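Undergrad: Sharing a structure here in structure tokens format.
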Amino acid sequence: MLRTHTCDQLRPEYEGQSVTLAGWVHRRRDFGNLIFIDLRDRWGLTQIVFDPDVNATAHRSAGELRNEYVVQVQGRVRRRPAGQENPALATGEIELEGHTLKILNKAKTPPFDINKEAMVDEGLRLRYRYLDLRRQRMRRNIMLRHNVVRHIRNFLSDEGFVEIETPILFKTTPEGARDYLVPSRVHPGKFYALPQSPQQLKQLIMVAGYDRYFQIARCFRDEDQRGDRQPEFTQLDMEMSFVDRDDIMALIERLMISVVKNNTDKPILREPFPRLSYAEAMARFGRDNPDIRFGMELVEINALVANSGFKVFSDTVAAGGLIKGLNAKGQGHYSRKQIDELTDFVKDFGAKGLAWLAIDPPPTPPSEGGAKGGVRSSFAKFLSPEETSAIIKQLQGEPGDLLLFVADRPAVTNEALGRLRVELGQRLNLFDPNVLAFCWVIDFPFLVWNEEEKRWDPSHHLFTAPMDDDIPLLDSDPGRARGKQYDLVLNGYEIAGGSIRIHQRDLQEKVFGLIGLDIEEAKRQFGHMVEAFEYGTPPHGGIAPGIDRLVMLLAGEPNIREVIAFPKSQSAADLMAGAPTEVNAQQLRDLHIKLDLE
Ligand code: ASP
558 MLRTHTCDQL RPEYEGQSVT LAGWVHRRRD FGNLIFIDLR DRWGLTQIVF DPDVNATAHR
618 SAGELRNEYV VQVQGRVRRR PAGQENPALA TGEIELEGHT LKILNKAKTP PFDINKEAMV
678 DEGLRLRYRY LDLRRQRMRR NIMLRHNVVR HIRNFLSDEG FVEIETPILF KTTPEGARDY
738 LVPSRVHPGK FYALPQSPQQ LKQLIMVAGY DRYFQIARCF RDEDQRGDRQ PEFTQLDMEM
798 SFVDRDDIMA LIERLMISVV KNNTDKPILR EPFPRLSYAE AMARFGRDNP DIRFGMELVE
858 INALVANSGF KVFSDTVAAG GLIKGLNAKG QGHYSRKQID ELTDFVKDFG AKGLAWLAID
918 PPPTPPSEGG AKGGVRSSFA KFLSPEETSA IIKQLQGEPG DLLLFVADRP AVTNEALGRL
978 RVELGQRLNL FDPNVLAFCW VIDFPFLVWN EEEKRWDPSH HLFTAPMDDD IPLLDSDPGR
1038 ARGKQYDLVL NGYEIAGGSI RIHQRDLQEK VFGLIGLDIE EAKRQFGHMV EAFEYGTPPH
1098 GGIAPGIDRL VMLLAGEPNI REVIAFPKSQ SAADLMAGAP TEVNAQQLRD LHIKLDLE
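Be aware that the sequence shown starts at 558, since it is given in our numbering, and climbs by one per residue.
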């Protein structure tokens, strides 16, 4: 080794020892006489002092140092003079008296400061990711990720799980996104698909009898990018045999609690994790990934306004729509401008408008401010006083509160008001950002209606089983059947989804039929699955927590790029290597590809 210790290791008990450190020049302070260097490696920082009276040659070389030079320093550990200790630094009680200095590699001036946590343009950070990864915040995130994954591996191995790798070059595994395709050179005109998840293979591993499988698996989905999406991302993929829904949920719950307690000091809001049915989550939060760190829940008022004189409300009810409100407690002072801004917010999610009602404080005599009392509202003038009070009561409105309403198609009302709730929760600091609030969402509808293609789609994926009691509904009223699936939600993000699978061939074929997948096509795509199910398939189920999202939330980062070493940009490009790239004509010929399609 070119060093005897790391830059985070030396303490007062090393005083007097001769040691060698190696690392990067983090910061240099030149007082002419004395030159101070903070030397950095992955572990931490150590202060080095070059004194011409101790070693004139080393002091001279130290004068040439610039930030990010890679150096090796041999010297003697000594205590810092009294009053010059740095309690913020693990090595802050000591410093190294530099005796010899060797420059191992010079460095150009980096395009941004490594030693400051300043805001840097993300494009620049991604272009020079290897420099960005030197920064403390990224090092902390990458180390957290490593520790979380290591913890998961150990935990699951101790629980009897076997880690098995599955192929990247495979066949389409639909998870609802577009496939990434890889052309085959040896099979002209044919393509592999990169796995959207190892779903089929993990089920086949159950058919093979391995009972408990996991993999830290890379998944590929060609979909439009959003803050918490990447074209390739990592899942903890798992599958278990001879289990029901509760077994998988209980195991994941223990795993998550163990990951949090061993890798963070963040509190968990509630244990055991609360469980909500899909219907309850939609009713109370307007979303199937509810953020339960705060209240301000949505309240339906259809029955109260069905016959009211406010046409927006009564027409919505008549047309089968949904009217919901929320109570922004104590925000009755919002100005028209602020309410207009919230209206623009909900319009972005498809709502036509935002109805509002501010409850003024009770009347007071002029000597105490002269408040008039009553309400100010965009719609109350069309309602009777009884209707207005009924609404206020339903939303538990009190003087000083602001009630906000959306009336629209149910999906739009839920989406717009659900988003507004999350937005206001953040703006009004309604929760402690340090808290981790897990919850389960269960009892999802098994199928969702695809209006464009006039057919049913699986609400989860093709292999999810319907609830046993609801199997007859698949013939009579498929939309009412519930599936055996479960989502784990953390602070408003879906961090895992899974299900108990269909393990009988006839039920699987029935589901293919229901979703309009013609049996021949199903056999072409998934014949191997249907065939495998005829050779003794154990009942099985699984789940797949997203590692990137989980680590993002544990790290308190706003997007998953901050916890991925080499992420793609928002437009799915690698800004450092410049991928994707054009390829040469010979490569295209080998792959039997012509690029003349406009
Ligand atoms: N394959 C599913 C997914 O990627 C997870 C599962 O059902 O286990 O979301």
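Where is the CB? At the ideal position from N, CA and C, for every residue including glycine.
This one's a predicted model, so the numbers in the text were calculated from it and none came from an experiment.
Note down the Cα distance separating Arg560 from Gln629, rounded to an integer number of angstroms.
TA: The straight-line gap from Cα to Cα measures roughly 7 Å.
Undergrad: Is His1018 near the ligand ASP - that is, is its Cβ less than 7 Å away from at least one heavy atom of it?
TA: At least one heavy atom of the ligand ASP is nearer than 7 Å to the Cβ of His1018, so yes.
Undergrad: Helix or strand or just coil, what does DSSP make of Val903?
TA: The answer is helix: DSSP assigns Val903 an H, G or I state.
Undergrad: Count the other CB atoms, across all protein chains shown, that sit within 10 Å of the CB of Pro755; report buried if there are 16 or more and exposed otherwise.
TA: Buried, since its Cβ has 16 or more Cβ neighbours within 10 Å.
Undergrad: If I follow the unbroken beta strand (DSSP E) through Asn704, where does it start and stop?
TA: Premise fails: Asn704 lies in the alpha helix (DSSP H), 693-715, not in any beta strand (DSSP E).
Undergrad: Do you know how far the Cα of Ser1126 is from the Cα of Phe799?
TA: Going from the Cα of Phe799 to the Cα of Ser1126 covers about 42 Å.
Undergrad: Cβ of Ser1056 versus every heavy atom of the ligand ASP: is any distance shorter than 7 Å?
TA: For the ligand ASP, at least one heavy atom lies less than 7 Å from the Cβ of Ser1056.
Undergrad: So what does DSSP say about Arg811, is it helix, strand or coil?
TA: In this structure, Arg811 counts as helix in the three-state DSSP scheme.
Undergrad: From His583 to Asn698, what distance separates their C-alpha atoms?
TA: In a straight line, the C-alpha of His583 is about 19 Å away from that of Asn698.
Undergrad: Would you call the stretch 839-853 and the stretch 1005-1024 touching, i.e. three or more CB-CB distances under 8 Å?
TA: The stretch 839-853 is not in contact with the stretch 1005-1024.
Undergrad: DSSP three-state label for Asp1032, please.
TA: Helix.
Undergrad: Tell me the DSSP secondary structure of Tyr1050 in three-state form.
TA: Strand, per DSSP.
Undergrad: Tell me whether Leu987 sits in a helix, a strand or coil according to DSSP, three-state version.
TA: If DSSP states are grouped into helix, strand and coil, Leu987 belongs with coil.
Undergrad: His562 by DSSP, collapsed to three states: which one?
TA: Coil at His562, not helix or strand.
Undergrad: Quick one: complete alpha helix (DSSP H) runs, 4+ long, within the stretch 1087-1133?
TA: List check, alpha helix (DSSP H) in window: 1104-1112.
Undergrad: Reducing DSSP to helix, strand and coil, say where Gly632 ends up.
TA: Here Gly632 sits in strand by DSSP.
Undergrad: In angstroms with no decimal places, state the Cα-to-Cα distance between Ile809 and Val816.
TA: Whole-angstrom Cα-Cα distance: 10 Å.
Undergrad: Taking Lys1067 as part of the alpha helix (DSSP H), name the residues at either end of that continuous run.
TA: Counting along the chain, the alpha helix (DSSP H) containing Lys1067 begins and ends at 1062-1071.
Undergrad: Please state the DSSP three-state secondary structure of Asp845.
TA: In this structure, Asp845 counts as coil in the three-state DSSP scheme.
Undergrad: Assign Thr603 to one of three DSSP states: helix, strand, or coil.
TA: In this structure, Thr603 counts as strand in the three-state DSSP scheme.
Undergrad: Could you say which of Val606, Pro668, Leu1004 lies nearest to Leu625 if we only look at CA atoms?
TA: Note that residue 625 is Glu in the sequence shown, not Leu. Comparing Cα-Cα distances from Glu625 to each of Val606, Pro668, Leu1004, the minimum goes to Pro668.
Undergrad: Is Gly1040 close to the ligand ASP? I mean its beta-carbon at under 7 Å from any heavy atom of the ligand.
TA: The answer is no for Gly1040.
Undergrad: If you pair each beta-carbon of the stretch 887-897 with each one of the stretch 954-963, do three or more pairs fall below 8 Å?
TA: Yes: the two stretches touch, three or more of their Cβ pairs being nearer than 8 Å.
Undergrad: How about Ser1179 and Leu952: do their beta carbons lie closer than 8 Å?
TA: Outside the displayed range of the chain (558 to 1155) lies residue 1179, so it cannot be described from this structure.
Undergrad: Per the contact definition of three or more C-beta pairs closer than 8 Å, is the stretch 982-996 in contact with the stretch 821-837?
TA: The stretch 821-837, when compared against the stretch 982-996, does touch it at the 8 Å Cβ threshold.
Undergrad: Measuring straight from C-alpha to C-alpha, what distance separates Leu911 and Val1005?
TA: Distance between the alpha carbons of Leu911 and Val1005: 28 Å.
Undergrad: Tell me which residue opens and which closes the alpha helix (DSSP H) that Arg617 is part of.
TA: Unbroken alpha helix (DSSP H) run through Arg617: 613-619.
Undergrad: Give a single yes or no on whether Ala1129 has its beta carbon closer than 7 Å to a heavy atom of the ligand ASP.
TA: Ala1129 Cβ: outside cutoff for every heavy atom of the ligand ASP.
Undergrad: Which same chain residues, not among the five before or five after Leu758, have their C-beta less than 7 Å away from its C-beta?
TA: Closer than 7 Å at Cβ, skipping near neighbours: Thr723.
Undergrad: Report the option in Leu940, Asn1141, Gln1144 whose CA atom is closest to the CA atom of Asn864.
TA: The shortest Cα separation from Asn864 among Leu940, Asn1141, Gln1144 belongs to Leu940.
Undergrad: Give the DSSP bridge partners of Gly1040, in chain order.
TA: According to DSSP, which records beta bridges pairwise, Gly1040 is partnered with Pro1023.
Undergrad: Apart from the five residues on each side of it in sequence, which residues of its chain come closer than 7 Å, Cβ to Cβ, to Phe902?
TA: Closer than 7 Å at the Cβ level, and outside the excluded window around Phe902, lie Leu977, Glu980.
Undergrad: Measure the CB-CB distance between Pro731 and Gln753 and report whether it falls below 8 Å.
TA: Yes.
Undergrad: Comparing C-alpha positions only, which one of Lys1151, Ala1129, Arg1118, Leu1145 sits nearest to Glu679?
TA: Among Lys1151, Ala1129, Arg1118, Leu1145, the Cα nearest to that of Glu679 belongs to Arg1118.
Undergrad: List the endpoints of the continuous alpha helix (DSSP H) containing Leu879.
TA: Unbroken run through Leu879 is the beta strand (DSSP E), 879-885; no alpha helix (DSSP H).
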